[in-house]
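Asker: Everything in the sequence shown is counted per the UniProt record's numbering, starting at 1 for the first residue and increasing by one.
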Amino acid sequence: MGLVSRLRARELGAFLRARRTLLTPDEVGLPVTGARRTPGLRREEIARLAGVSDGYYVRLEQGRAMHPSASVLGALAGALRLSQPEREHLFALAGESCPAPEPEELTEGSRRMLELLRPPTAAYVINRNSDVLAWNDTAGALFGHLVDGPRRPNNVRYVFTDPEAKRLFVDWPHIAADSVAHLRASSGHRPDDAELTELVTELHEVSPDFRRLWTARELRQKDDGRKELRHPRVGRLTLDYAVLAAPGAAGQRLVAYSADPDSDSHAALVRLWSKGN
Numbered sequence: 001m002g003l004v005s006r007l008r009a010r011e012l013g014a015f016l017r018a019r020r021t022l023l024t025p026d027e028v029g030l031p032v033t034g035a036r037r038t039p040g041l042r043r044e045e046i047a048r049l050a051g052v053s054d055g056y057y058v059r060l061e062q063g064r065a066m067h068p069s070a071s072v073l074g075a076l077a078g079a080l081r082l083s084q085p086e087r088e089h090l091f092a093l094a095g096e097s098c099p100a101p102e103p104e105e106l107t108e109g110s111r112r113m114l115e116l117l118r119p120p121t122a123a124y125v126i127n128r129n130s131d132v133l134a135w136n137d138t139a140g141a142l143f144g145h146l147v148d149g150p151r152r153p154n155n156v157r158y159v160f161t162d163p164e165a166k167r168l169f170v171d172w173p174h175i176a177a178d179s180v181a182h183l184r185a186s187s188g189h190r191p192d193d194a195e196l197t198e199l200v201t202e203l204h205e206v207s208p209d210f211r212r213l214w215t216a217r218e219l220r221q222k223d224d225g226r227k228e229l230r231h232p233r234v235g236r237l238t239l240d241y242a243v244l245a246a247p248g249a250a251g252q253r254l255v256a257y258s259a260d261p262d263s264d265s266h267a268a269l270v271r272l273w274s275k276g277n
């Protein structure tokens with residue numbers, strides 16, 4: 001390891017140590033056990049939160065670990081609750097490029113895509129974690145969880161925690177497996193995403209089906225397909241869907257549902273849309 005690399009590694013270790021001492025167990029959801037001689041979290045606690053071994057994290061703080069990967073840096077940034085400037089500093093110390101932050105809210109490009117779709121097409125915009133950021137009237141009438149509930153709707157949470165989902169999706173097991181495989185594929189882009197970690201932890205606790213599917217580690221990304229629905233207001237529908245990446249919005253996708261214009265399913269979509277207008 002050259003002089004510059006040693007200096008970078010030493011400074012990276014000092015930065016990790018300084019940030020670790022600023023956190024408390026309560027802030028990261030850890031129980032407080034035993035007396036603490038020094039402020040902040042213990043090394044093994046950060047290691048556990050970041051998903052690395054205790055020994056490797058100790059070497060990082062001591063400046064003895066060479067070239068931590070971008071995924072490890074991202075996990076450490078998430079465990080330490082770093083701000084974007086702090087995250088960029090951590091990556092710079094390791095000689096890595098820091099990924100640009102993904103938009104947390106609906107972008108203008110996503111909004112325009114949604115508005116361009118003609119009724120009665122049902123459409124919504126989701127992010128990598130399957131949070132639904134926006135939807136049109138038909139989608140709101142088609143999927144009740146979009147308009148009900150006190151917090152931002154999430155499609156994976158809906159599939160595994162709302163009894164209505166099992167009644168709505170004719171092939172619920174396939175929908176459930178697909179939703180987890182999509183979420184697992186997305187998790188590789190942001191392994192340090194605190195909101196994703198919270199969602200996975202929540203669903204692990206309440207759904208044995210989710211636990212089983214998440215542990216299987218299947219990955220799947222679909223651009224189109226077909227779903228069979230059993231809607232309480234309009235009956236059986238067969239809908240084709242397409243998934244499009246939103247321009248200028250990393251991680252945001254528009255999902256649009258439609259049916260053949262001469263089909264009963266299209267007529268059902270028209271009825272759903274007209275009742276909301």
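Glycine included, each C-beta is placed from N, C-alpha and C at the ideal position. Source: prediction; values computed, not measured.
Between Ala-9 and Glu-105, what straight-line distance do the alpha-carbon atoms span, to the nearest angstrom?
Answerer: Their Cα atoms are separated by approximately 36 angstroms.
Asker: According to DSSP, what are the bridge partners of Asp-131?
Answerer: BP columns for Asp-131 point to Asn-154.
Asker: So, are the CB atoms of Ala-249 and Ser-110 less than 9 angstroms apart?
Answerer: Yes. Within cutoff.
Asker: Hey, Ala-123 and Val-255: beta-carbon distance below 9 angstroms or not?
Answerer: For Ala-123 and Val-255, yes; Cβs fall inside 9 angstroms.
Asker: Can you tell me whether Arg-253 is helix, strand or coil according to DSSP?
Answerer: Strand at Arg-253.
Asker: With a cut-off of 8 angstroms on the beta carbons, I'd call Ala-194 and Gly-40 a contact; round off their distance for me.
Answerer: So it is not a contact: roughly 18 angstroms between Cβ atoms.
Asker: Candidates Asp-264, Val-180 and Glu-198: which alpha carbon is nearest Arg-236's?
Answerer: Out of Asp-264, Val-180 and Glu-198, Asp-264 has the C-alpha closest to the C-alpha of Arg-236.
Asker: Using three-state DSSP, classify Ala-100 as helix, strand or coil.
Answerer: In the structure shown, Ala-100 sits in coil (DSSP, three-state: anything other than H, G, I, E or B).
Asker: Does the segment 155-169 come close enough to the segment 199-217 that 3 or more CB-CB pairs lie under 8 angstroms?
Answerer: Yes: the two stretches touch, three or more of their Cβ pairs being nearer than 8 angstroms.
Asker: How many Å lie between Arg-37 and Phe-91 at the Cα?
Answerer: If you take the alpha carbons of Arg-37 and Phe-91, they lie about 30 angstroms apart.
Asker: Beta carbon of Asp-262, beta carbon of Lys-227: below 9 angstroms?
Answerer: Taking 9 angstroms as the Cβ cut-off, Asp-262 and Lys-227 do not qualify as a contacting pair.
Asker: Can you tell me which of Asp-137, Gly-74 and Val-132 puts its alpha carbon nearest to the alpha carbon of Leu-272?
Answerer: Considering only alpha carbons, the answer is Asp-137.
Asker: For Leu-229 and Leu-239, what's the separation of their Cα atoms in angstroms?
Answerer: Looking at the two C-alpha atoms, the distance is approximately 8 angstroms.
Asker: Is it right to say Glu-45 is buried, meaning 16 or more other beta carbons lie within 10 angstroms of its own, or is it exposed?
Answerer: It counts as buried.
Asker: Going by CA-CA distance only, name the one from Ile-175, Phe-160 and Glu-96 that's closest to Leu-199.
Answerer: Among Ile-175, Phe-160 and Glu-96, the Cα nearest to that of Leu-199 belongs to Phe-160.
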